[in-house]
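Chains as they are written, first to last, in the working numbering: chain U, 99 to 432; chain G, 12 to 149.
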Amino acid sequence: MSVPEFKHTHSAHCESGVMSSMLRHYGLNLSEPMVFGLASALTFAYLPFLKMGGMPLVAYRSMPKSIIKNIQKNLNVKMKLETFSSKEKGEARLDELLSEGKIVGAQSSVYWLPYFPEEMRFHFNAHNLLVFKKDGDTYDVSDPVFEFTQKCDKASLTKARFVKGVMAPKGLLYYPTSVPTEIDLKPVIVKSIKKVAKSMLNTPVPIAGLKGIKYLAKAIRKLGKKDKRYSKLFLGHIVRMQEEIGTGGAGFRYLYASFLQESSLAFDSDATLVEASEMFLKVGDEFREFALIIAKSVKSKKEIDYEKIANKLDSIADEEKKVYQKLLEFCAKH
Amino acid sequence: MDINSVPQDDSSTYAKNKKAIYAKDEDGSVKVVGSSGWNVEETVTKQALENLLEHEAEAYCEVKKGLKSPLYYYMYSIRMDLQVLSESTGFFKWTINRDFKPEVFAKINEKRLAVYAEAMGITSENLKVLQESNYECT
């Protein structure tokens, strides 16, 4: 059997990047934005009770593994996900799959991956990458958030795959067993857009969706009463969750804007979708402005204007609301 | 954002790597552009790193003075905190806190030490002694 040469693609987000590269390799040509969009991966949640490095979790996308799961469900792709009880079994299975000519997705910790920039190595356990070749004790890795493919030694990769703790990967490996080559995307597009819009607009819990954004704004207003050092770290943390760790806030809005633009082509350049795409690009810009205000405050020795930062976030939530309403208009037509 | 506005700030935190950003090109289509860094992001990444480094330096001095066991320093030196160390070892926080006491840590059994060593990616032997570093302790 001839195996096509694997092609690495630079992506904005690890999980959608891995899934896009993997599906393309097996004959289903879907861009990263399409994978991200069709998996309804856009979201927001502020989880003050879940701590990361002593700071509350701010999530701009759905739970790890949800893209893999939603793509399976929505596109009729069959995936096999395997976790392991021991390192040895996990190592052996990866080698076995590679020797069968497969490319394999893996979950790993960022900290233990040697090719990550030193200053970016933090303990985050839900990073996704693709292993496509093995040469001696070195793996060729397609890490979607890197521009080029990377090399990783066996010991480091195993360490990264078998860290314990929150979102522990347990050596997770995944690969498709059946990939359709022809799909009628139109109904899936409508369905997945509807899901994102509805969940952002109408979540029953105050910590998620647009309510979650407002809730975070409220928490920022309260920072004035707290220790300044903590407040600055908290603000910096919000931006890190948004920009550095998985390109959250702005990055995902741009990614989703790209998805809407590409989707509009399937609907004869539907004007509503095109407009929504433009609106999302603007929301993305607003998120970046929000990050800029925070970075300035963090650096400055002057008093921080928490009200201004919170107001900015509130206005983003209001702007974003209009986009979801626009998207529901589109869904109602189709 | 359009492609010309994608920041190219050569952030040290990227270590010469590029990050993919989706932006609008001249024809209005949204596609990936590599960004060499963004000052805003660099500011907050470095802020977090400095915070970790401060913890590390303080911990070093406390161990040096015999107030804490080497475990305490190594935890910070690999960017962990009590929460992460507890999750990575499966040990309760209060038991780890006990191991931060030099007199308790001196008598730690090898099995428990090995669990720490494994989680922290360091040998049991190295974990027992404080590695000389040039932090200034007052």
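From the three backbone atoms N, C-alpha and C, an ideal C-beta is built for every residue, glycine too.
Listed along chain G are T54, V55, Q58, A59, each with a C-beta nearer than 8 Å to that of G334(U). Q359(U) reaches chain G at S40, V41, counting residues in chain order whose Cβ is nearer than 8 Å.
Flagged as an interface residue toward chain G: G152(U), by a C-beta distance shorter than 8 Å. Two segments are said to touch when three or more pairs of C-beta atoms, one from each, lie closer than 8 Å; by this definition the segment 319-334 of chain U does not touch the segment 161-174 of chain U. Put simply, of R191(U), G263(U), P102(U) the residue whose alpha carbon is nearest the alpha carbon of K149(U) is G263(U). Among the residues facing chain G, G188(U) is not included, as its CB has no counterpart in that chain under 8 Å away. Going by DSSP, Q58(G) is part of the alpha helix (DSSP H) stretching over 50-75. Distance from I318(U) to L411(U) at the Cβ level is roughly 7 Å; contact confirmed, criterion being Cβ atoms closer than 8 Å. Between Y127(G) and L141(G), the gap from beta carbon to beta carbon reaches 8 Å or more.
In the structure shown, D13(G) falls within a strand segment according to DSSP collapsed to helix, strand and coil. Remark: C-beta atoms of V55(G) and V208(U) do not approach each other more closely than 8 Å. The criterion of a C-beta distance shorter than 8 Å is satisfied by T100(G) and A130(G).
Assignment of G203(U) by DSSP, reduced to helix, strand and coil, places it in the strand class.
For R123(G), there are no neighbours in chain U by C-beta distance under 7 Å, as the nearest C-beta there is about 15 Å away. The residues A34, in chain order, have a CB closer than 6 Å to that of M12(G) in the same chain once the five nearest residues on each side in sequence are set aside. Remark: three or more beta-carbon pairs, one from each stretch, lie closer than 8 Å, so the segment 53-67 of chain G and the segment 211-220 of chain U are flagged as touching.
Only residues of its own chain outside the window of five on either side were considered, and among them S362 have a CB closer than 6 Å to the CB of D368(U), listed in chain order.
In the structure shown, M265(U) adopts coil according to DSSP, grouped into three states. Inter-segment contact for the segment 231-242 of chain U and the segment 152-167 of chain U is absent: fewer than three beta-carbon pairs are separated by less than 8 Å.
Apart from sequence neighbours up to five positions away, the residues of its chain that approach V421(U) with a beta-carbon distance below 7 Å are A374, M377, F378, V381, ordered along the chain. Inclusion of S129(U) and E280(U) in the CB contact set at 8 Å is not warranted, their separation being larger than that value.
Contact annotation: the segment 224-233 of chain U touches the segment 194-202 of chain U, with at least three C-beta pairs closer than 8 Å. For C250(U), the uninterrupted beta strand (DSSP E) segment begins and ends at 248-251. Spatial neighbours of T24(G) in its own chain (CB-CB distance under 6 Å, excluding positions within 5 residues in sequence) are listed in chain order as E53, T56.
Any Cβ of chain U closer than 8 Å to the Cβ of E98(G) would place that residue at the interface, and such an atom is present.
Take the alpha-carbon of K424(U) and the one of A143(U): they are about 22 Å apart.
Three or more beta-carbon pairs separated by less than 8 Å are not found between the segment 27-47 of chain G and the segment 93-110 of chain G, which leaves the two stretches without contact. Shown here for C429(U): same chain residues with a beta carbon closer than 8 Å to its own, the five before and five after excluded, namely V288, I291, K292, A295 in chain order. For N28(G), the closest Cβ of chain U is nearer than 8 Å. Neighbours of Y25(G) across chain U, judged by C-beta separation under 8 Å: P215, M218. Secondary structure of A374(U) (DSSP, three-state): helix. Secondary structure of Q142(G) (DSSP, three-state): coil. The bridge partners DSSP lists for G45(G) are A31(G). Interface flag for F428(U) against chain G is unset, since no Cβ pair is found closer than 8 Å. If you look at N174(U), you'll find it isn't in any alpha helix (DSSP H); DSSP assigns it neither H nor E. Boundaries for A306(U): no beta strand (DSSP E) harbours it, and the DSSP string shows neither H nor E there.
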